[in-house]
Amino acid sequence: MRKQDRKHIVSKRFKAEVAKVDPKREYEPQEAIEAVKSTAASTKFDQTVDVAVRLGIDPRQGDQVVRGTTDLPHGTGKTQKVAVFARGANAEAAQAAGADTVGAEDLIEKIQNGWRDFDVLVATPDMMPLVGRLGRTLGPRMPNPKSGTVTADVTRVVNAIKKATRVQYRAEKAGIIHAPIGKVSFPTEQLVENFNVMIGTLVKAKPATAKGRYLKKITVSSTMGPGVDVDALRAQQLMEK
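Residue numbers (the working numbering): 1 to 241.
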């Protein structure tokens, strides 16, 4: 099949999926997730379901930075590679918990030489003076206490990441947070529970200085599907009860 023909088929399929969603409607969370699952039914691979949330914050203000981690009850369905900066008993604990790579100075040198075969970096607090050398190299991928990746309890954190239950989130410059909440193959009920935990976490993380409406817009989508808008005001009210 020619590349042009494949593009035509994909475009035609996407238009058919978009037609299933009412762009003027804000759906209840369960209805939105059901719509996402129906639009993804025509693909052969198990697409990721993502949530995008636009927050009423100004990330340029130091006291309005929203970032952290949460553990989804049903995980994301995605296995992540974890590298851990640790020594001694902590290094042994990280390996026992299933970390893909564990090291100290040797791991720092490896990363400085361009190695990037990891999804998440974790470090014990005593390693941070050394790991700090990688700040410019790694940028936002650096281990950070706010994201739960600087920890003395490497067993718990590595376990959570390897089981794909732990999700890191961080508001971008426009105040938007993107996070996976599972796979299309998950039962609707599990996706709804993951969605509720994610939104509940963001509501609890609301900066004290944020004024006005906090959850401004919520959209759920699959990897290749259209976005489905969720009633953000209703979602916030449910989380605040």
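Virtual Cβ for every residue (Gly too), placed ideally from N, Cα, C. A quick note: this is a predicted structure, and the numbers were derived from the prediction, not measured.
VAL65 and GLY148 have their C-alpha atoms roughly 15 Å apart. The way I'd put it, the region 200 to 210 doesn't touch the region 182 to 190; fewer than three beta-carbon pairs between them come closer than 8 Å. Around the Cβ of PHE85, a 10 Å sphere holds 16 or more other Cβ atoms; the residue is buried. Put simply, the backbone Cα of VAL51 is about 20 Å away from that of LYS163.
DSSP places ALA52 in the uninterrupted beta strand (DSSP E) bounded by 48 to 55. Cβ-Cβ separation between ASP71 and ARG166: approximately 5 Å, consistent with a contact (criterion under 8 Å).
Boundaries cannot be given for ARG25, as no alpha helix (DSSP H) includes it and DSSP labels it neither H nor E. Taken atom to atom, the span from the alpha-carbon of GLY62 to that of THR69 is near 19 Å.
One thing to note: VAL197 has its Cβ within 8 Å of the Cβ of PRO73. Boundaries for VAL184: no beta strand (DSSP E) harbours it, and the DSSP string shows neither H nor E there.
With contacts defined by Cβ atoms closer than 8 Å, PRO23 and VAL192 do not form a contacting pair. DSSP places ALA83 inside the beta strand (DSSP E), whose first and last residues are 82 to 85. Where LEU72 is concerned, there is no enclosing alpha helix (DSSP H), because DSSP gives it neither an H nor an E.
Within the region 97 to 131, the complete beta strand (DSSP E) runs of at least 3 residues fall at 101 to 103 and 120 to 123.
If you check the CB distance, TYR169 and ILE177 come in under 8 Å. Beta-bridge partners of THR219 (DSSP): ALA52 and ASP229.
In the three-state reduction of the DSSP assignment, VAL150 falls in the strand class, which pools E and B.
The count of Cβ pairs closer than 8 Å, one atom from the region 75 to 84 and one from the region 216 to 228, stays below three, leaving the stretches out of contact. In the structure shown, the three-state DSSP call for ALA164 is coil. As computed with DSSP, ILE177 is found in a beta bridge with VAL53. According to DSSP, ARG213 shares a beta bridge with no other residue. Ranked by Cα distance from ARG60, the first of GLU172, LYS146 and GLN237 is GLU172. DSSP, read as helix, strand or coil, puts ARG170 in strand.
DSSP places VAL65 in the coil class of the three-state scheme, outside both helix and strand. Assigned with DSSP and collapsed to three states, LYS206 falls in coil, not helix or strand.
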